[in-house]
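Residue numbers (our numbering): 43 to 620.
Backbone N, C-alpha and C fix where the C-beta goes; we use that ideal spot for every residue, glycine too.
Beneath this line is the structure, given in structure tokens, with notes to follow.
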Amino acid sequence: MLLAAALPAQVAAPDFLCTRSEAGDEVLTWSNVANDCGTFQGTEVYRAESAAGPYTLLTTLTDPAATEYRDPNPNGSQLFYYLQYAYDCPGEAVLTSDTLDSFIPVSPDLRFVSVVDGNLEVHWRPSPSPEVNRYVILEVTDTAVVPLDTVGLDTVYTVTGVPEAELTRRSYRVAALDACDNDSPQSDILSAVDLIGSGGSGCESDITLIPLEGILTTITLFVPDSGEVLSLYASTNGGDYVLSDTWTEASTVDSIVNGYTYSAANDGDSICFYFEMEYPGLDIRQRTLTYCQTVDIEQPVRDFSLYGVEVQDDGLLYFAYAYSSPPPVAYTADLEQVSGGDTVVYVDELVGFLSLNELTSLGAPPVVPGDSFRFVLTDGCERNAFSNYVSPVFLFADASGGGAQVQWTPLENGLPGTLTYNLYRVTADSTLELLAGNLDTLTYLDDDPNAGSVRCYRVEAIFQPEGSAESYSFLSNVACVAEETGVYIPNAFSPSATRDENRVFRPIFTVAAGIRNYRLQVFDRWGGLQFTTEDPVAGWDGRLNGRLAPAGAYVYVITFTSTQGNLVEYSGVVNVLY
Numbered sequence: 043m044l045l046a047a048a049l050p051a052q053v054a055a056p057d058f059l060c061t062r063s064e065a066g067d068e069v070l071t072w073s074n075v076a077n078d079c080g081t082f083q084g085t086e087v088y089r090a091e092s093a094a095g096p097y098t099l100l101t102t103l104t105d106p107a108a109t110e111y112r113d114p115n116p117n118g119s120q121l122f123y124y125l126q127y128a129y130d131c132p133g134e135a136v137l138t139s140d141t142l143d144s145f146i147p148v149s150p151d152l153r154f155v156s157v158v159d160g161n162l163e164v165h166w167r168p169s170p171s172p173e174v175n176r177y178v179i180l181e182v183t184d185t186a187v188v189p190l191d192t193v194g195l196d197t198v199y200t201v202t203g204v205p206e207a208e209l210t211r212r213s214y215r216v217a218a219l220d221a222c223d224n225d226s227p228q229s230d231i232l233s234a235v236d237l238i239g240s241g242g243s244g245c246e247s248d249i250t251l252i253p254l255e256g257i258l259t260t261i262t263l264f265v266p267d268s269g270e271v272l273s274l275y276a277s278t279n280g281g282d283y284v285l286s287d288t289w290t291e292a293s294t295v296d297s298i299v300n301g302y303t304y305s306a307a308n309d310g311d312s313i314c315f316y317f318e319m320e321y322p323g324l325d326i327r328q329r330t331l332t333y334c335q336t337v338d339i340e341q342p343v344r345d346f347s348l349y350g351v352e353v354q355d356d357g358l359l360y361f362a363y364a365y366s367s368p369p370p371v372a373y374t375a376d377l378e379q380v381s382g383g384d385t386v387v388y389v390d391e392l393v394g395f396l397s398l399n400e401l402t403s404l405g406a407p408p409v410v411p412g413d414s415f416r417f418v419l420t421d422g423c424e425r426n427a428f429s430n431y432v433s434p435v436f437l438f439a440d441a442s443g444g445g446a447q448v449q450w451t452p453l454e455n456g457l458p459g460t461l462t463y464n465l466y467r468v469t470a471d472s473t474l475e476l477l478a479g480n481l482d483t484l485t486y487l488d489d490d491p492n493a494g495s496v497r498c499y500r501v502e503a504i505f506q507p508e509g510s511a512e513s514y515s516f517l518s519n520v521a522c523v524a525e526e527t528g529v530y531i532p533n534a535f536s537p538s539a540t541r542d543e544n545r546v547f548r549p550i551f552t553v554a555a556g557i558r559n560y561r562l563q564v565f566d567r568w569g570g571l572q573f574t575t576e577d578p579v580a581g582w583d584g585r586l587n588g589r590l591a592p593a594g595a596y597v598y599v600i601t602f603t604s605t606q607g608n609l610v611e612y613s614g615v616v617n618v619l620y
């Protein structure tokens, strides 16, 4: 069977507690530690003038109960000591105590004062002096430094019961103590980091947060140094605190000269904030005071959907739109028209504009195909919002082999949704009769032989926004088309004829309804005017001043504007027969 090798025994060292200066001597104090490996021979005291040595044996105390030793140091020099026991324990390792110097303990490094759950937490790094066995926390007032409490080797202390208004006005220091009641110099004076805010009201929607760090009489902006990370936490309407943003030394060079900006505030929210600083090598973070406010922002104007525009018969513009947000208290609305690459702004007094869903604009400008419109909103804070651009529908019609070819420009709004068209004939009394519905094209051929020689049309654009059950309609202009006017002119007539149509001289038109500026004149052979009329259905009955004209040849001149707008003139000879 194999046996484990025995571990070498050790001679434990005294527990070197502290040194103190007294009457020109350095008094070393320790507690004895029991060793049972052999016979006690003495307590050895070693000394050096530097921490690195060399150390020399100063004395060996043979009294096993001794716990102090006085070493003369009239000049108050810094000396370094350690202790060890001498035992009759051959071959066993002899341990040495901590090395202590003759000076008082080094001050602890006060890191920060943090605000946590309405209390103050004072955090410090421990003193590097090994003799330190406790710390004293001190509050600094305007007139005194008052000890609050003494703790062991912990490095955090919670101050409770501080009124909220005093959380950043209280200042603290920490000092280290040893078993000889030596106290270190007091640490720096620190307070909790205050947090103030501005904005989030009126025209300022952003909230500017300013954490202010007070060190003695100096107040500075709380910013991360090399390797540090500053984090902002926000709680909205009593909810949990959520990380909002972080900054490092590199990201704060130019961006936080006047504080940190929070841009996610909504009107009516109650928001609370605090910052936390994360330091390299520390598990605990420093937290600032909490700042809370209720957001009261003047509601800004917002972009909105303009569904379409219609040029009405009186020249005014009809718009349909939807503004989904509550309108701001004060705003203005301007109408922009883009025509031929130029933009013209029309200022309308649109009272309650955003509370409506449709509007007929006053003082409408002339509109030609290709024009587009949008609204520009400006609120009381000079913030702007815009609708999309819209273009109206324009209708055109041309004659086509006895029918009509109808085409139109699209309703353009750039919005998601469904767009269809209804095409109507316009009757003589201006009512609309549906010719074709639910069209998704921009042309239509009306070849109905019974539609008449003059045909007028109007198209209706119907837009249904995506996700909406409601639709919006916009009418085009009226466009008409007519067959070209044809005419038959007889070359003779007889006032005594038995048939009515042969007793009167007049032209017969294929399309009489659409002609304009008509005139018929009849002259005798010497150029005397025998008859004239501007009525296309009236004719000459062969009489002049109630008497029948002599039989013979007469000259006629006929002028008119045809249904397609052409100026037409006919002249010739008609014979009067008896």
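Item to check | Residue interval of the beta strand (DSSP E) (run including S613) | outcome: Locating residue 613 in the sequence shown gives position 571, where the first residue counts as 1. Here the beta strand (DSSP E) through S613 covers 609-618.
Checklist entry - Is DSSP giving S92 helix, strand or coil here? => result Against the sequence shown, residue 92 aligns to sequence position 50. S92: coil per DSSP, three-state reduction.
Checklist entry - Pick from V432, A534, D355, V529: whose alpha carbon is nearest that of S472? => result Working through the sequence shown from its first residue, we reach residue 472 at position 430. The shortest C-alpha separation from S472 is found at D355.
Item to check | Coil, strand or helix - E68 by DSSP | outcome: Your numbering for residue 68 matches position 26 in the sequence shown. Correct three-state label for E68: strand.
Next on the checklist: Would L453 and F505 be called neighbours here (beta carbons separated by less than 8 Å)?
Outcome noted: Here the question's residue 453 lines up with position 411 in the sequence shown. Here the question's residue 505 lines up with position 463 in the sequence shown. Between L453 and F505, the C-beta gap is smaller than 8 Å, which places the two residues in contact.
Next on the checklist: For L487, list the residues DSSP reports as bridge partners.
Outcome noted: For the purposes of this step, residue 487 is identified with residue 445 of the sequence shown, where counting begins at 1. DSSP output for L487 lists Q447 as bridge partner(s).
Checklist entry - In terms of residues, what are the limits of the beta strand (DSSP E) holding P189? => result Here residue 189 is taken as the residue at index 147 of the sequence shown, counted from 1. That run of the beta strand (DSSP E) goes 187-193.
Checklist entry - Given that a residue counts as buried once 16 or more other Cβ atoms are within 10 Å of its Cβ, and exposed if not, what is D236? => result Residue numbering aside, residue 236 sits at position 194 when the sequence shown is read from its first letter. Under this definition D236 is a buried residue.
Next on the checklist: I need the straight-line Cα distance from L99 to Q126, nearest angstrom please.
Outcome noted: Numbered from its first residue, the sequence shown carries residue 99 at position 57. Numbered from its first residue, the sequence shown carries residue 126 at position 84. One C-alpha to the other measures close to 10 Å.
Checklist entry - According to DSSP, what are the bridge partners of S433? => result Here residue 433 refers to the residue found at position 391 of the sequence shown. Looking at the DSSP assignment, S433 forms a beta bridge with E454.
Checklist entry - In terms of residues, what are the limits of the beta strand (DSSP E) holding G323? => result As a first step, residue 323 is located in the sequence shown; it is residue number 281 there, counting from the start. Segment: none, G323 is in no beta strand (DSSP E) and carries neither H nor E.
Checklist entry - Do you know offhand how far Y620's Cα is from F547's? => result The residue you call residue 620 lines up with position 578 of the sequence shown. The residue you call residue 547 lines up with position 505 of the sequence shown. Spanning the two alpha carbons is a distance of roughly 14 Å.
Item to check | Rounded Cβ spacing between P578 and F551 (contact assumed at less than 8 Å) | outcome: In the sequence shown, the residue the question calls residue 578 occupies position 536. In the sequence shown, the residue the question calls residue 551 occupies position 509. Right, the Cβ-Cβ distance comes to about 6 Å (below 8 Å), so this counts as a contact.
Next on the checklist: Which same chain residues end up closer than 8 Å to P682 when comparing Cβ atoms and leaving out the 5 residues on each side of it in sequence?
Outcome noted: In the structure as shown, the chain starts at 43 and stops at 620, and residue 682 therefore has no counterpart that could be examined.
Checklist entry - Taking the DSSP output, what are the residues bridged to N161? => result Against the sequence shown, residue 161 aligns to sequence position 119. DSSP lists V158 as partners of N161.
Checklist entry - Considering only residues of the same chain and omitting the five flanking positions on each side of G382, which have a CB-CB separation below 7 Å? => result For the purposes of this step, residue 382 is taken as the residue at position 340 of the sequence shown. Cβ neighbours of G382 beyond the five flanking positions: none.
Next on the checklist: Tell me the DSSP secondary structure of F145 in three-state form.
Outcome noted: If you number the sequence shown from 1, residue 145 lands on position 103. When secondary structure is reduced to three states using DSSP, F145 falls in the coil class, being assigned neither helix nor strand.
Checklist entry - Going by other Cβ atoms of all chains shown within 10 Å of its Cβ, with 16 needed for buried, is Q328 buried or exposed? => result What you label residue 328 is simply residue 286 of the sequence shown in a count that begins at 1. Q328 comes out buried.
Checklist entry - What are the partner residues of Y349, as DSSP defines its beta bridges? => result Taking the sequence shown and counting its residues from 1, one reaches residue 349 at position 307. Per DSSP, none; premise fails for Y349.
Checklist entry - Bridge partners of L387, per DSSP? => result Within the sequence shown, numbered from 1, the residue matching residue 387 stands at position 345. According to the sequence displayed, residue 387 carries Val and not Leu. Beta-bridge pairing links V387 to E378.
Checklist entry - Nearest-angstrom Cα distance between R212 and I179? => result Indexing the sequence shown from 1 puts residue 212 at position 170. Indexing the sequence shown from 1 puts residue 179 at position 137. Cα to Cα, R212 sits roughly 13 Å from I179.
Item to check | Cβ distance (whole Å) where V662 is taken to contact F565 below 8 Å | outcome: This structure leaves residue 662 out entirely; the chain is present only between 43 and 620.
Next on the checklist: One question on the structure: do L461 and A493 come within less than 8 Å of each other, judged by their Cβ atoms?
Outcome noted: Numbered from 1 along the sequence shown, position 419 holds the residue referred to as residue 461. Numbered from 1 along the sequence shown, position 451 holds the residue referred to as residue 493. For L461 and A493, no; Cβs fall outside 8 Å.
Checklist entry - In three-state DSSP terms, what is L263? => result Against the sequence shown, residue 263 aligns to sequence position 221. Of the three classes helix, strand and coil, the one that applies to L263 here is strand, per DSSP.
Checklist entry - For N464, does the three-state DSSP call read helix, strand or coil? => result Within the sequence shown, the letter at position 422 stands for residue 464. Strand.
Item to check | Nearest-angstrom beta carbon gap, S139 and Y124 [assumed within contact, 8 Å] | outcome: Reading the sequence shown from its first residue, position 82 is the one you call residue 124. Reading the sequence shown from its first residue, position 97 is the one you call residue 139. About 5 Å; that satisfies the 8 Å criterion.
Checklist entry - Where do the N-terminal and C-terminal ends of the beta strand (DSSP E) with A372 fall, by residue? => result For the purposes of this step, residue 372 is identified with residue 330 of the sequence shown, where counting begins at 1. Careful: A372 lies outside any beta strand (DSSP E) and carries neither H nor E.
Checklist entry - In terms of residues, what are the limits of the beta strand (DSSP E) holding L401? => result What you label residue 401 is simply residue 359 of the sequence shown in a count that begins at 1. Segment 400-403, the beta strand (DSSP E) holding L401.
Checklist entry - So, helix, strand or coil for E502, using DSSP? => result For the purposes of this step, residue 502 is taken as residue 460 along the sequence shown, with counting starting at 1. Residue state, collapsed to three classes: strand.
Item to check | T141 to P172 span [Cα, whole Å] | outcome: Position 99 of the sequence shown, counting from 1, holds the residue named residue 141. Position 130 of the sequence shown, counting from 1, holds the residue named residue 172. Taking the straight line joining both Cα atoms gives about 8 Å.
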